[in-house]
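Have a look at the structure below, then the notes.
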């Protein structure tokens, strides 16, 4: 199982209460499930709506495996302009 | 061969920087200058806003530049495009978002300005936090 760093932005940071934290999992889905268990319904809804970056690259398929020491960023829906 | 357009994009930290950016002039070949100004209002859906903040992802400056370059690739009569977005705390009346396009003729200036406004709004990794008079905090567009 890969040990990774999760970095939260905006409403995700508000819902988790932290800017970043460690997590582990074999796939992105695994990691998200663990984060949901840790932080509850509000973060779960935000994770569902967010775009994700894994080592800077956009995640299109959440069943993808997570490499060790990866960085997963949670970007909620944008609201600029 | 068409000259490459002059492109200036910026993520700015205060109102003074924004007003300075807005005031810059455009080249003389530009007959048509079209701009959009996104200005902070005192209410959102009828609720009074007491505090407003934009927060940007670290990639926001480069995403802004890439987005503008991509739009201009399909608007080859554009001479200049200048786009700025604020981050940090803003108050009512301040400038949050600015797009200006200069072209020889108005058709492409209007079209490019409109497309830049829509694409930046859709793609820029920036978030907006509002606080209302009852103390409730909201992150716009988020569950």
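Chains as they are written, first to last, in the numbering used here: chain A, 412 to 492; chain B, 148 to 290. Using N, Cα and C, we set each Cβ at its ideal position, and we do this for glycine too.
Element boundaries [beta strand (DSSP E), containing residue i]
i	result
residue 445/A	Careful: residue 445/A lies outside any beta strand (DSSP E), inside the alpha helix (DSSP H) at 439-450.
residue 241/B	Where residue 241/B is concerned, there is no enclosing beta strand (DSSP E), given that its DSSP letter is neither H nor E.
residue 178/B	Unbroken run through residue 178/B: none, as it is neither H nor E.
residue 197/B	194-203
Test: residue i CB closer than 8 Å to a CB of chain A
i	result
residue 244/B	yes
residue 185/B	yes
residue 237/B	no
residue 204/B	yes
residue 152/B	no
residue 174/B	no
residue 181/B	no
residue 164/B	no
residue 264/B	yes
Any chain B beta carbon closer than 8 Å to residue i
i	result
residue 457/A	yes
residue 430/A	no
residue 427/A	no
residue 447/A	no
residue 444/A	no
residue 421/A	yes
residue 460/A	yes
Range of the contiguous alpha helix (DSSP H) that encloses residue i
i	result
residue 214/B	207-219
residue 162/B	162-170
residue 265/B	253-270
residue 424/A	421-427
DSSP beta-bridge partners of residue i
i	result
residue 469/A	464/A
residue 158/B	232/B
residue 189/B	Per DSSP, none; premise fails for residue 189/B.
residue 227/B	153/B and 249/B
residue 431/A	418/A
Presumed contact (8 Å Cβ cut-off) between residue i and residue j, rounded CB distance
i	j	result
residue 267/B	residue 230/B	6 Å
residue 487/A	residue 430/A	Residue 487/A to residue 430/A, Cβ: 14 Å. No contact.
residue 181/B	residue 189/B	Residue 181/B to residue 189/B, Cβ: 27 Å. No contact.
residue 115/B	residue 489/A	The structure shown has nothing for residue 115/B, since chain B only spans 148 to 290.
residue 228/B	residue 177/B	With a Cβ gap of about 11 Å, residue 228/B and residue 177/B do not count as contacting.
Taking a cut of 7 Å between CB atoms, which residues from the segment 468-492 of chain A lie near chain B? 486, 487, 488, 489, 490, 491 and 492
Counting only Cβ-Cβ distances shorter than 7 Å, please list the residues of the segment 207-232 of chain B near chain A, keeping chain order. Residues 232.
Could you name the residues of the segment 267-283 of chain B whose beta carbon sits closer than 9 Å to any beta carbon of chain A, in the order they occur along the chain? Flagged, chain order: 267, 268, 269, 270, 271, 272, 273, 274, 275 and 276.
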